[in-house]
Structures are given as structure tokens and as C-alpha cells.
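Heads up: the structure comes next, in C-alpha cells.
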Amino acid sequence: MKSPIATLLVCLAVTAGCATTPGGIAEAERDRFEKANRTIYSFNKGLDTAILKPTTTAYRAVVPAAARRGASNALDNVDEPLSFINALLQGKIKAALRAVDRFLINSTLGVGGLADHATDMGLPKQEEDFGQTLAAWGVGSGPFIMLPFFGPSTLRDTVGLGVDSISDPWPRFQKHGLDLSGTQRLGVTGFEAIDLRSRLVDTADPLLESALDEYATVRAAYLQQRLTDIYDGDPPEDEFVPPADGGSPAAEPPETP
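Everything in the sequence shown is counted per this note's numbering, starting at 10 for the first residue and increasing by one.
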């Protein structure tokens with residue numbers, strides 16, 4: 010009997026098809042579920058406006074920038090083992106070794122990852138996830154999907170997110186190594202969300218404030234970023250995703266605030 014993960018991978022391969030290039034985002038650019046995606050985007054934005062953004066604003070007001078940077082570094086550090094696993098699966102031996110080096114350096118010299126000495130030593134972060142691994146294996150993106158709570162994704166990246174959540178050593182370490190309770194682990198997850206939102210305040214927020222169509226801007230920015238991730242910072246010109254402030258012609262116009 011096939012495992013649930015194997016079944017998901019088979020379904021993804023059948024639905025998304027084989028990509029002619031590792032990026033393979035043509036299906037995502039068509040956005041065939043745009044109407045539903047826009048509805049979910051509005052839901053996510055409502056949650057952000059009501060809960061996440063005010064909490065993040067308070068966090069940034071109370072916690073000094075140096076402390077926030079240290080927390081972000083520590084959270085990045087615990088992601089290195091997962092990057093190591095996916096780099097190996099993609100055959101990126103140098104990237105896998107870099108993840109090991111970064112984890113060892115920042116866990117020791119960086120005092121548990123609070124300081125990113127590895128980057129200062131010429132070893133910048135190169136995050137790898139299972140969505141990128143599937144792309145490296147030739148799996149196309151599949152349709153663009155706006156996930157509740159998690160935000161923009163594709164069918165390929167949604168499967169990748171599920172596999173990463175199962176294979177990531179960090180949650181297991183929280184439970185068995187740190188002996189955190191379920192409530193405490195939920196608190197860690199909440200803090201990770203606040204940290205991520207805080208990183209977006211100075212970058213994404215100004216971009217969205219000036220966008221004519223926030224949803225289309227988020228979609229284009231996400232797909233372009235994923236291409237950059239998949240191609241290690243150097244996507245080919247024919248895979249470029251142009252900015253799309255206006256959305257697709259078939260889409261219903263966004264509600265005016």
C-alpha cells in the first residue's frame with residue numbers, strides 16, 4: 010500500500026504535469042482558481058488587519074531591533090536541518106554542506122543562532138524546501154493557490170509544505186528535546202508567525218500600499234520569488250513573472266476599501 014505522502018506526490022505529478030524547466034510556473038500564472046483565491050486573500054487580510062498586524066506592531070514597539078534580529082537569526086538557524094535534507098534530495102551537495110556549516114557555526118559561535126556569524130564568514134543562508142525539491146525533480150507548479158492562514162502557494166508548494174511539516178526536525182526537537190507542552194509549542198508557532206510578519210513590515214507593506222491590485226501584486230511577487238529560490242537566485246529570462254497590478258481580465262474587480 011502506498012504511503013499518504015507517495016499518493017500525494019503521484020497526484021501532484023498527474024495534476025501538475027512534468028515541467029520542461031525546473032521552475033514550471035506556467036500553470037500557476039494562469040490562476041484558474043482566481044475567484045476563490047481572491048476570497049481567501051480577503052479572509053487572510055482580515056485576519057492580518059484584526060490580529061496579526063496589531064500584534065506585530067506592538068512587538069516591534071516593545072522589543073528593540075537588535076533583539077528582534079537575534080530572534081529572527083535563531084529561527085533561521087533551526088531551519089538549517091530541513092534545508093540540509095532538501096539540498097541533499099536535490100543533489101546540491103555544496104548547499105547541503107553549507108547548511109551544516111551554518112548550523113554548527115551559528116549554534117556555537119552564534120550562541121544558539123542569535124548571531125549569524127556564518128554569513129559574516131561568507132556563508133549566506135540558502136534556504137531549501139520540499140517545494141523546491143519537487144521543482145528540481147521536474148514537477149510543474151500546478152495551479153496557484155491562496156491558502157487560508159498560510160497565504161500564496163501553488164499545488165506543488167502546498168504538497169511541499171505538507172511534507173516539510175512532517176520531516177522538519179525542529180518540531181520534534183521542541184517536543185522531545187526541549188520537552189515543550191502542546192500549548193508551548195503552539196506559542197512557538199505563534200511567535201514564528203509574528204517574526205515573519207515583522208520581517209515584512211519594511212518590505213511588503215510599502216509595496217502593497219502602492220499597489221492598484223494587492224492580490225495580483227502578491228501573486229506575481231510570490232511566483233517570482235519562488236523562481237528565484239528554485240534557480241538559486243538566477244532564474245532564466247523566459248521564466249520571468251512580470252508585475253501584475255491589474256490582475257487578469259477575467260477576474261472580478263477587487264472591492265474598493
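The beta-carbon is built from N, C-alpha and C at its ideal position, and this holds for glycine as well.
Put simply, the region 189-198 does not touch the region 86-94. Fewer than three CB pairs are less than 8 Å apart.
The Cβ-Cβ distance between residue 95 and residue 137 falls below 8 Å. Here residue 175 is not near residue 167, since their CB atoms are 8 Å or more apart. Of all alpha-carbon atoms in 200, 41, 229, the one lying nearest the alpha-carbon of residue 68 is that of 200. Apart from sequence neighbours up to five positions away, the residues of its chain that approach residue 177 with a beta-carbon distance below 7 Å are 91, ordered along the chain. Note that the region 63-77 does not touch the region 102-115; fewer than 3 beta-carbon pairs, one per stretch, sit closer than 8 Å. Residue 52 has its alpha-carbon roughly 10 Å from the corresponding atom of residue 58. Distance from residue 123 to residue 79 at the Cβ level is roughly 4 Å; contact confirmed, criterion being Cβ atoms closer than 8 Å.
The alpha helix (DSSP H) runs lying completely inside the region 147-225 and spanning 4 residues or more are 164-176, 178-181, 191-209, 213-218, given in chain order.
The criterion of a C-beta distance shorter than 8 Å is not satisfied by residue 152 and residue 231.
The alpha-carbon of residue 40 is positioned some 11 Å away from that of residue 150.
Our two residues, residue 105 and residue 93, have alpha carbons roughly 5 Å apart in a direct line. The three-state reading of DSSP puts residue 76 in helix, counting H, G and I together. Scanning its chain for C-beta atoms nearer than 8 Å, with the 5 sequence neighbours on each side dropped, one finds around residue 97 the residues 105, in chain order. The C-alpha of residue 101 is placed about 25 Å away from the C-alpha of residue 119. Check the Cα spacing between residue 180 and each of 209, 84, 70: the tightest is with 84.
The continuous alpha helix (DSSP H) containing residue 44 extends over residues 43-56. Taking a 10 Å sphere around the C-beta of residue 75, we find fewer than 16 other C-beta atoms and assign the residue as exposed.
The beta carbons of residue 220 and residue 212 sit no closer together than 8 Å. Residue 142 counts as buried, since no fewer than 16 other beta carbons sit within 10 angstroms of its beta carbon. With 16 or more other CB atoms across the displayed protein chains lying within 10 angstroms of its CB, residue 169 is buried. Ranking 114, 241, 206 by CA distance to the CA of residue 130 puts 114 first. Classified as buried, residue 148 has 16 or more neighbouring CB atoms from the shown chains inside 10 Å of its CB.
Following the DSSP letters along the chain, one finds residue 132 in no alpha helix (DSSP H), marked with neither H nor E.
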